[in-house]
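Peer 1:
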Amino acid sequence: MDFNIYTFSTLSASATNLLLACIVFLHNPTKRRNIVYSVFCLFVAVWAFSCFLQTITKSYDFALLSDYLLFSFAIFTPALFADFINTYTNNISKKVLLLFYLCSFVLFISNFTPFFRIGVSNQIGFRYVAVPYFGWYLFNIFYAICATLGLFKLYVSMKENKGALQMQLIYLFLAFIILVTGGTFYLLFSFSIKTPPIDNLFNVISGIIITYTITKHELMDIRMVISRSVAYGIIGISLVSSFILLNLTPMNLILQIAVNSALGLFWAFAAHRLREFIQTPLEEKWITGWYDPNKLVNNIAQKLVPVLEKEKAFEVITDELKRTIKIKKVESLPASKASSTNDIAQTKEGLIIPLNSSEGPEGAILLGPKISEDPYDQKDITLFRTIMAMTIAVFDRIRPYEKIKREFEENQQKLFEAERQLERAQHLSSLGRIISEVAHEIRNPLAVIVSRAKRIKDEPDCPAKIKESAELISDRSDQIEKVVGTMRTLSQTPKYEPKEVNIAEPIESALRFMPFRKDIRIIKDLNPAPPIMGDRDELERVFINLFTNAYDAMIEKGGKLAIRLQPQNGHVKIEIEDTGSGISKENLPKIFEPFYTTKFGKVKERMGFGLSICHNIIVKNHGGTLTAESIPEKGTTFTITLPAKAK
């Protein structure tokens, strides 16, 4: 028996197809696609092995028997080929496939009659081939029809699909073009046409491409089996080789027994671990997008153990998904922007995974496409649903901590505001006492000055220049009296008699006091709100002051004054927003302090009492809040909240 390149190629083709048949069938023996492809590979393996038998024999009878065996299986491969392609394309009718199998059966019967072949011959020099007759030519026609139809349908489906399925079909098309070419080279032998003995090399190449497509592009979803088979194969070969080498080494019987026992214990302990050590890199490096879902879930669970904030939990999950599954873009969405659905939803580029607690939605994770451009498969969906179930307990654990933290921060803010208001009240109280004393000390000598100036003006013989000076003294004294009067309002607690007030009324009344300006547009959004208990006149005074400040801020460029009124959690909220010059960040905390002003003009404006009085009226008299937010050159917003009248 002579071994040559053709002998090697026939054995390689037979082994490759037999291995593929076993792996595909054992992975899912109930799925039609796996069954058809397994049978196809098995029949091609027998075809290739029969070629091997015809190559090594010198007996005519054995060569003829091998040819019967060859065509008994080869006759069915065209129909199986078309059937397997149809499991992907679904564009060949069942009647056509049934006709193909019927033709195969008829040709199978004819294979054992002189109608199919005259005999076998070794005319090509390196192997026996059939001497064709009528049935053999019919098989060639049948082979050409099935191959052409199958490849055409595969090509059409390849053009119609996109993504991962299209990539699978492209590799299938390439593999089957090569396989059909190899089969054609074999059939040419029977016509005594001199062709290179490479028919089974094409068969091997086709098997390699199919294997590559299985592992890299999830053809028939059995790529895990391939990697495990390789890992088990390496461990098996290593185990057997180690015992063979050990027992070929000269040593006495006792030592041999001891060393064999030690080696057996070693493999019992190490085989599984070494298999995992080999398999994991194979899967990670060879299989595109491979990951271990159990390991990923465990990593996420471990990293979420110390987490006490929802934002941090989302960050952990998104980082692990992006890094492990290799996703281009992963975003977390707040509950307000997340979909109301409780299941995974498809988007244009990826998926939305909603994450909930037992009390409702907590947010969602938006997944973009994978770096590999592969679609999300059932394995991914199962993983995401596992994460969804796991995070319910996580968010239920986090929620109480977040509630306590939120309440603590709110109480801290309230305490800070209360301290500021107390400090301001104490400041005003102390300032009020000082102002009262100062005003008293000013008014006593001021009364004397005013009285003497009046007497001088009333003297008939008083010279004109002196009378003019007396009038000037009297006017300036009146201004001093007004300033002293304004100062005293801060030191006195007016009589406060709260009554039921519709807050929209003092707002409307204050607006009527404002002058018409073409360059200032007033926008009112006064929603129905519950009444409050307060002093209508004081509230009107507050609004006049705030509207006036807004007008002054827009005096140069004009702008927009927006007044918004709405109920809010047992309170009434009023926002007064202008688009004026704004207040600088360093000056904003000072605006409610007495004597602080940026205005220059009338005496009352220069004193800077307006906002201080407004704050006193809102906070002290009405139990509300008055705050300000401002962006220089963009505008200022004053926000007033007042408690609504209890029902």
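The opening residue of the sequence shown carries number 1145 in this note's numbering; numbering runs sequentially from there. Ideal Cβ positions, reconstructed from N, Cα and C, are used throughout, including at glycine. None of these values were measured; they are calculated from a predicted model.
Which term fits residue 1449, buried or exposed, when burial requires 16 or more other beta carbons within 10 angstroms of its beta carbon?
Peer 2: exposed
Peer 1: Suppose you measure from the CA of residue 1293 to the CA of residue 1212; what does that come to, to the nearest Å?
Peer 2: 27 angstroms
Peer 1: By the three-class DSSP mapping on this structure, what secondary structure does residue 1781 have?
Peer 2: DSSP places residue 1781 in the strand class (E or B) of the three-state scheme.
Peer 1: Of the choices 1164, 1785, 1270 and 1253, whose alpha-carbon is the least far from that of residue 1712?
Peer 2: 1785
Peer 1: Would you kindly work out how many angstroms separate the C-alpha atoms of residue 1284 and residue 1518, rounded to a whole number?
Peer 2: 40 angstroms
Peer 1: Please go through the same chain and pick out, in chain order, the residues whose beta-carbon is closer than 6 angstroms to the beta-carbon of residue 1156, but skip the five residues on each side of it.
Peer 2: 1348
Peer 1: List the residues that DSSP assigns as beta-bridge partners of residue 1797.
Peer 2: Nothing about residue 1797 can be read from this structure; the chain reaches only from 1145 to 1791.
Peer 1: How far does the beta strand (DSSP E) with residue 1679 in it reach, from first residue to last?
Peer 2: Looking at the DSSP string, residue 1679 is not in any beta strand (DSSP E), and its letter there is neither H nor E.
Peer 1: With DSSP collapsed to three states, give me the class of residue 1717.
Peer 2: strand
Peer 1: Going by alpha carbons, who is nearest to residue 1291 out of 1593, 1221 and 1260?
Peer 2: Sorting 1593, 1221 and 1260 by C-alpha distance to the C-alpha of residue 1291 places 1221 at the top.
Peer 1: Pull up the distance between the alpha-carbon of residue 1792 and that of residue 1382, whole angstroms please.
Peer 2: Examination of residue 1792 is not possible in this model, given that the chain is present from 1145 through 1791 alone.
Peer 1: Do residue 1150 and residue 1271 come within 8 angstroms of each other at the CB atom, strictly closer than that value?
Peer 2: yes
Peer 1: Return the residue from the list 1474, 1535 and 1534 that minimises the CA-CA distance to residue 1509.
Peer 2: 1474
Peer 1: Where does residue 1393 land, buried or exposed, given buried means 16+ other C-beta within 10 angstroms?
Peer 2: With fewer than 16 other Cβ atoms within 10 Å, it is exposed.
Peer 1: Please classify residue 1449: does DSSP put it in a helix, a strand, or coil?
Peer 2: coil
Peer 1: Count the other CB atoms, across all protein chains shown, that sit within 10 Å of the CB of residue 1736; report buried if there are 16 or more and exposed otherwise.
Peer 2: By the neighbour-count rule (16 or more Cβ atoms within 10 Å), residue 1736 is buried.
Peer 1: Below 8 angstroms CB to CB, which residues in the same chain sit around residue 1776 once its five sequence neighbours on both sides are set aside?
Peer 2: Cβ neighbours of residue 1776 beyond the five flanking positions: 1725, 1726, 1727, 1728 and 1729.
Peer 1: Secondary structure at residue 1500, three-state DSSP: helix, strand or coil?
Peer 2: Residue 1500 sits in a strand when the DSSP states are folded into three classes.
Peer 1: Is residue 1479 helix, strand or coil when you go by DSSP?
Peer 2: coil
Peer 1: Write down the C-beta distance between residue 1224 and residue 1187 rounded to the nearest angstrom, noting that I regard them as a contact closer than 8 angstroms.
Peer 2: 7 angstroms
Peer 1: So which of 1538, 1436 and 1704 has the shortest CA-CA distance to residue 1523?
Peer 2: 1436
Peer 1: Could you tell me which residues DSSP pairs with residue 1645 in its beta bridges?
Peer 2: 1676
Peer 1: Which residue's Cα is closest to the Cα of residue 1593: 1324, 1620, 1438 and 1609?
Peer 2: Relative to residue 1593, the option among 1324, 1620, 1438 and 1609 whose CA is nearest is 1620.
Peer 1: Report yes if the CB atom of residue 1332 is closer than 8 angstroms to the CB atom of residue 1346, and no otherwise.
Peer 2: no
Peer 1: Does the Cβ of residue 1538 have 16 or more other Cβ atoms within 10 Å, making it buried, or fewer, making it exposed?
Peer 2: By the 10 Å Cβ count, residue 1538 comes out buried.
Peer 1: So which of 1256, 1169, 1352 and 1249 has the shortest CA-CA distance to residue 1208?
Peer 2: 1256
Peer 1: As a quick exercise: from 1196, 1288, 1263 and 1269, pick the residue whose alpha carbon is nearest that of residue 1276.
Peer 2: 1263
Peer 1: Taking the alpha carbon of residue 1690 as the point to measure from, which residue in 1703, 1676, 1667 and 1655 has its own alpha carbon closest?
Peer 2: 1655
Peer 1: Between which residues of its own chain and residue 1429 is the CB-CB distance below 7 angstroms, once the five residues before and five after are set aside?
Peer 2: Because the pLDDT at residue 1429 is just 48, under 50, the model does not fix this residue reliably, and the point stays unresolved.
Peer 1: Assign residue 1749 to one of three DSSP states: helix, strand, or coil.
Peer 2: Here residue 1749 scores only 44 on pLDDT, less than 50, and its place in the model is too uncertain to base an answer on.
Peer 1: If we ignore side chains and look at the alpha-carbon of each, how far apart do residue 1752 and residue 1680 end up?
Peer 2: With a pLDDT of only 47 at residue 1752, under 50, the local geometry of the prediction cannot be trusted, and the value read off the model is given with reservation. Cα-Cα distance, rounded: 23 angstroms.
Peer 1: Does DSSP put residue 1776 in a helix, in a strand, or in coil?
Peer 2: coil
Peer 1: Starting from residue 1460, trace the alpha helix (DSSP H) both ways and give me its first and last residue.
Peer 2: Residue 1460 -> alpha helix (DSSP H) spans 1454-1469.
Peer 1: Who are residue 1710's beta bridge partners in DSSP?
Peer 2: 1717
Peer 1: Are there three or more Cβ pairs, one per stretch, closer than 8 angstroms when the region 1541-1557 is compared with the region 1438-1456?
Peer 2: yes
Peer 1: Which word fits residue 1699, buried or exposed, when buried means at least 16 other C-beta atoms lie within 10 angstroms of its C-beta?
Peer 2: exposed
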